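K.L.:
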Amino acid sequence: MTDIMLAGVLLLVMFAFLGSGVLIGAGLLGVGLIMIELFTMRPVGASMATTIWSNTSGWSLAALPLFVWMGEVLLRTRLASNVFLGLAPMVRRVPGGLLHANIGGCTAFSAVSGSSAATLLTVGRITLPELRKRNYPDSLSCGTLAGAGTLGLMIPPSITLIIYGLVVEESIARLFMAGVLPGLMLAGLFFLYIFLWGLLSKEGRAMREPAAPWGEWLRGLGQLLPIAGLIVAVIGSIYTGIASPNEAAVVGLLGAFALSALQRTLTLETFVESLSGAVRTTSMIFLLLAGAAVLTLAMGFSGLPRSLADWVGGMDLSPTMLLLVLMVFFIVLGCFLDGMAMILLTIAVLEPMVRAAGIDMIWFGIFVVLVGEMALITPPVGFNLFLVQSLSGRSIGFVARAAAPMFGLMLIGAFLLIAFPQIALWLPNLLTGR
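Our numbering applies: residue 116 is where the sequence shown begins, and numbers increase by one.
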């Protein structure tokens with residue numbers, strides 16, 4: 116069977132699984148098993164058992180459930196409300212007003228959560244009612260929340276970056292370093308958009324509020340100190356080389372428990388709820404990892420990734436043109452899959468051709484995650500759109516239109532990342548002396 120026919124069969128089987136409503140991880144696993152059974156001479160059971168065990172039992176994976184649990188603990192504290200209350204006095208007089216607190220809250224919480232969904236839900240439950248109370252436009256409140264909520268995929272400790280690093284066997288610490296400036300760049304684009312709205316539009320100028328007194332500023336700073344301390348403890352320990360990502364995850368989890376205890380929200384009920392939520396999320400991620408590992412093995416046996424890489428190489432595309440083609444491919448795929456599933460589904464096929472093109476895999480991980488963020492606000496199955504819909508009560512069409520400017524800003528961010536790769540590579544190269 117030719118590689119084109121094999122790729123066609125793979126796509127048909129994949130869409131059949133996904134269209135049937137099964138879990139994405141189970142769909143990946145099913146496609147991999149069918150490929151091994153039909154197109155190779157390998158024993159299915161032994162291949163599956165060995166591959167799944169080797170890809171889900173590595174010591175590097177220990178950071179993943181710990182960061183997930185940390186986010187679940189923080190989800191049940193008053194940390195998000197404190198972030199909003201701390202930021203509100205600082206941005207009240209700035210053009211765009213409290214919409215900046217919406218973006219800033221998501222940015223700050225992303226640095227201790229690692230999960231886009233946890234970031235959006237935690238911040239959105241606090242900010243949306245406050246913004247509505249002050250008559251901010253729902254379109255901007257929902258749009259900025261949907262867009263800024265995606266930053267949990269990029270800003271460390273990103274669960275998606277951990278998974279990418281494990282799949283392509285790259286340093287998770289370097290990926291964390293590489294994700295900082297691109298994440299802040301996206302947040303800066305969101306801030307600039309709201310600033311210009313507040314400065315240039317009649318509605319935005321009418322929303323300007325009086326400046327907060329100095330006493331309120333100081334109270335706000337005090338409310339921001341806990342999350343600032345946790346960010347420094349978790350991320351700073353990795354960047355300075357004091358702790359590995361696994362050790363930093365332990366520090367973060369203990370810090371989350373300490374904050375919860377200080378806020379008197381650490382009860383047996385919240386402990387059980389956070390642990391249960393972490394188990395559910397981690398189990399879903401591990402199923403995705405297992406399915407992607409089996410599918411990767413099957414495609415490796417078939418020779419499809421290498422054949423595809425040779426085919427693309429024969430087209431003589433420049434690295435920039437290859438990235439633009441992949442961006443369009445990811446945007447289309449993101450209409451049907453979430454960012455994490457999209458990365459796991461495609462990376463086994465793309466890795467050989469990307470390496471052959473001479474593209475840095477650390478940089479490519481940031482690029483893929485950025486495009487994966489765009490998938491979270493791309494209809495018809497953009498996950499963040501449904502989360503914002505559940506929080507706001509608005510229709511999915513309204514939320515998708517509200518998030519469209521954020522999608523455009525992310526597209527600008529992707530072009531900037533391609534044009535200036537040092538946005539991602541400068542910090543890891545500086546801190547590791549490369």
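All residues carry an ideal CB built from backbone N, CA and C; glycine is no exception.
Here the structure is a predicted model, which means the values were calculated and not measured.
Taking C-beta to C-beta, are residue 524 and residue 308 nearer than 8 Å?
P.N.:
Here residue 524 corresponds to residue number 409 of the sequence shown, with the count starting at 1. Here residue 308 corresponds to residue number 193 of the sequence shown, with the count starting at 1. Yes, they are a contact pair.
K.L.:
Can you give the Cα-Cα distance for residue 363 and residue 274, rounded to whole angstroms?
P.N.:
Position 248 of the sequence shown, counted from the first residue, corresponds to residue 363. Position 159 of the sequence shown, counted from the first residue, corresponds to residue 274. Cα to Cα, the separation comes out at about 13 Å.
K.L.:
Rounded to whole angstroms, what's the CA-CA distance from residue 361 to residue 141? Just pull it up for me.
P.N.:
As a first step, residue 361 must be located in the sequence shown, where it is residue number 246. As a first step, residue 141 must be located in the sequence shown, where it is residue number 26. About 27 Å.
K.L.:
Would you call the stretch 304–321 and the stretch 267–285 touching, i.e. three or more CB-CB distances under 8 Å?
P.N.:
The stretch 304–321, when compared against the stretch 267–285, does not touch it at the 8 Å Cβ threshold.
K.L.:
Near residue 265, which residues of its chain fall below 7 Å by C-beta distance, leaving aside the five closest residues on each side in sequence?
P.N.:
Numbered from 1 along the sequence shown, position 150 holds the residue referred to as residue 265. If we look at residue 265 and ignore the five residues flanking it on each side, its Cβ neighbours are 231, 488, 491, 492 and 499.
K.L.:
Leaving aside the five residues before and after residue 504 along the sequence, list all residues of the same chain whose C-beta is less than 6 Å from its C-beta, in chain order.
P.N.:
Residue mapping note: residue 504 aligns to position 389 of the sequence shown, counting from 1. Excluding sequence neighbours, residue 504 sits near 511 and 514.
K.L.:
Which residue comes first and which comes last in the alpha helix (DSSP H) that contains residue 378?
P.N.:
For the purposes of this step, residue 378 is identified with residue 263 of the sequence shown, where counting begins at 1. Segment: none, residue 378 is in no alpha helix (DSSP H) and carries neither H nor E.
K.L.:
In this structure, how does DSSP classify residue 324 when only helix, strand and coil are distinguished?
P.N.:
Here residue 324 refers to the residue found at position 209 when the sequence shown is read from its first residue. In the structure shown, residue 324 sits in coil (DSSP, three-state: anything other than H, G, I, E or B).
K.L.:
So, helix, strand or coil for residue 536, using DSSP?
P.N.:
Sequence index remark: in the sequence shown, residue 536 carries index 421 (1-based). Judged by DSSP in its simplified three-state form, residue 536 adopts coil rather than helix or strand.
K.L.:
What number of angstroms, rounded off, separates the C-alpha of residue 216 from the C-alpha of residue 251?
P.N.:
Taking the first residue of the sequence shown as position 1, residue 216 is located at position 101. Taking the first residue of the sequence shown as position 1, residue 251 is located at position 136. When rounded, the distance between both Cα atoms is 12 Å.
K.L.:
Tell me the start and end of each unbroken alpha helix (DSSP H) in the stretch 464–529 that is at least 4 residues and wholly inside, in chain order.
P.N.:
Listed in chain order, the complete alpha helix (DSSP H) runs (minimum 4 residues) inside the stretch 464–529 are 476–490 and 498–507.
K.L.:
With 16 other CB atoms within 10 Å as the buried threshold, where does residue 168 fall?
P.N.:
In the sequence shown, the residue the question calls residue 168 occupies position 53. It is exposed - the Cβ of residue 168 has fewer than 16 other Cβ atoms within 10 Å.
K.L.:
Using a Cβ-Cβ cutoff of less than 8 Å, which residues in the same chain neighbour residue 380 once the five nearest sequence positions on both sides are dropped?
P.N.:
Along the sequence shown, read from residue 1 onward, the residue named residue 380 stands at position 265. Cβ neighbours of residue 380 beyond the five flanking positions: 191, 192 and 193.
K.L.:
Can you list, in chain order, the residues of its chain with a C-beta nearer than 6 Å to that of residue 223? Leave out the 5 residues immediately preceding and following it.
P.N.:
One-based indexing of the sequence shown puts residue 223 at position 108. Closer than 6 Å at the Cβ level, and outside the excluded window around residue 223, lie 198 and 342.
K.L.:
Just the Cα atoms here: how many angstroms apart are residue 302 and residue 346?
P.N.:
Looking up residue 302 in the sequence shown gives position 187. Looking up residue 346 in the sequence shown gives position 231. The alpha-carbon atoms of residue 302 and residue 346 are separated by roughly 17 Å.
K.L.:
Measuring straight from C-alpha to C-alpha, what distance separates residue 516 and residue 495?
P.N.:
To locate residue 516, count along the sequence shown from 1; it is residue 401. To locate residue 495, count along the sequence shown from 1; it is residue 380. Near 12 Å, if we compare the C-alpha coordinates of residue 495 and residue 516.
K.L.:
Using 10 angstroms around the beta-carbon of residue 450, count the other beta-carbons present and answer buried if the total reaches 16, otherwise exposed.
P.N.:
Locating residue 450 in the sequence shown gives position 335, where the first residue counts as 1. Exposed, because fewer than 16 other Cβ atoms sit within 10 Å of the Cβ of residue 450.
K.L.:
Look at the Cβ atom of residue 112, then the Cβ atom of residue 239, and state whether they are nearer than 8 Å.
P.N.:
Missing from the structure shown is residue 112; the chain here goes from 116 to 549 and no further.
K.L.:
To the nearest angstrom, how far is the alpha carbon of residue 330 from that of residue 339?
P.N.:
Within the sequence shown, numbered from 1, the residue matching residue 330 stands at position 215. Within the sequence shown, numbered from 1, the residue matching residue 339 stands at position 224. Near 14 Å, if we compare the C-alpha coordinates of residue 339 and residue 330.
K.L.:
Which runs of the alpha helix (DSSP H), 4 residues or longer, sit entirely within the stretch 127–206?
P.N.:
139–154, 159–171, 178–190 and 194–206
K.L.:
For residue 469, I'd like the list of residues in its chain whose CB is within less than 6 Å of its CB, leaving aside the five on either flank, ordered along the chain.
P.N.:
As a working note, residue 469 is residue 354 in the sequence shown. Excluding sequence neighbours, residue 469 sits near 479.
K.L.:
Classify residue 131: buried if its beta carbon has 16 or more other beta carbons within 10 angstroms, exposed otherwise.
P.N.:
Residue mapping note: residue 131 aligns to position 16 of the sequence shown, counting from 1. If you draw a 10 Å sphere on the C-beta of residue 131, you find fewer than 16 other C-beta atoms in it, and that means exposed.
K.L.:
Please confirm whether residue 146 and residue 185 have their CB atoms less than 8 Å apart.
P.N.:
Within the sequence shown, residue 146 is the residue found at index 31, counting from 1. Within the sequence shown, residue 185 is the residue found at index 70, counting from 1. Cβ distance not < 8 Å, so residue 146 and residue 185 don't count as in contact.
K.L.:
Does the distance from the CB of residue 460 to the CB of residue 143 come in under 8 Å?
P.N.:
In the sequence shown, counting from the first residue as 1, residue 460 sits at position 345. In the sequence shown, counting from the first residue as 1, residue 143 sits at position 28. Against a cut-off of 8 Å, the Cβ pair of residue 143 and residue 460 comes out as a contact.
K.L.:
Tell me the rounded alpha-carbon separation between residue 533 and residue 445.
P.N.:
Here residue 533 refers to the residue found at position 418 when the sequence shown is read from its first residue. Here residue 445 refers to the residue found at position 330 when the sequence shown is read from its first residue. Looking at the two C-alpha atoms, the distance is approximately 15 Å.
K.L.:
Comparing alpha-carbon positions, which option in 290, 440 and 304 lies nearest residue 484?
P.N.:
In the sequence shown, counting from the first residue as 1, residue 484 sits at position 369. Ranking 290, 440 and 304 by Cα distance to residue 484 puts 290 first.
K.L.:
For the alpha helix (DSSP H) that residue 295 lies in, which residues bound it at each end?
P.N.:
Counted from its first residue, the sequence shown places residue 295 at position 180. From DSSP, the alpha helix (DSSP H) with residue 295 extends over 287–315.
K.L.:
So for residue 357, helix, strand or coil by DSSP?
P.N.:
If you number the sequence shown from 1, residue 357 lands on position 242. Looking at residue 357 - three-state DSSP - the assignment turns out to be coil, as it is neither helix nor strand.
K.L.:
Taking residue 366 as the reference, which of 376, 375, 352 and 356 has the closest Cα?
P.N.:
Translated into positions along the sequence shown, residue 366 becomes position 251. It is 352.
K.L.:
Considering only the beta carbon of each residue, do residue 196 and residue 270 sit closer than 8 Å?
P.N.:
Counting from 1 along the sequence shown, the entry for residue 196 is found at position 81. Counting from 1 along the sequence shown, the entry for residue 270 is found at position 155. Cβ distance not < 8 Å, so residue 196 and residue 270 don't count as in contact.
K.L.:
Express the C-alpha separation of residue 156 and residue 116 in angstroms, rounding to a whole number.
P.N.:
Within the sequence shown, residue 116 is the residue found at index 1, counting from 1. Within the sequence shown, residue 156 is the residue found at index 41, counting from 1. Note that residue 116 has pLDDT 48, beneath the 50 cutoff, so the model's placement of it is unreliable and the number below is only indicative. In a straight line, the C-alpha of residue 116 is about 14 Å away from that of residue 156.
K.L.:
From residue 245 to residue 390, what does the alpha carbon distance come to, in whole angstroms?
P.N.:
Here the question's residue 245 lines up with position 130 in the sequence shown. Here the question's residue 390 lines up with position 275 in the sequence shown. Approximately 30 Å, taken between the alpha carbons.
K.L.:
Does DSSP put residue 388 in a helix, a strand or coil?
P.N.:
Counting from one through the sequence shown, the residue named residue 388 turns up at place 273. Reduced to three states, the DSSP call for residue 388 is helix.
K.L.:
Residue range of the alpha helix (DSSP H) that residue 253 falls in?
P.N.:
One-based indexing of the sequence shown puts residue 253 at position 138. Start and end: 253–263.
K.L.:
Looking at residue 205: is its Cβ nearer than 8 Å to the Cβ of residue 335?
P.N.:
On the sequence shown, position 90 is the one that residue 205 refers to. On the sequence shown, position 220 is the one that residue 335 refers to. Going by C-beta atoms, residue 205 is nearer than 8 Å to residue 335.
K.L.:
How would you write the range of the alpha helix (DSSP H) that residue 208 sits in, first residue to last?
P.N.:
Counted from its first residue, the sequence shown places residue 208 at position 93. Premise fails: residue 208 is in no alpha helix (DSSP H) and is neither H nor E.
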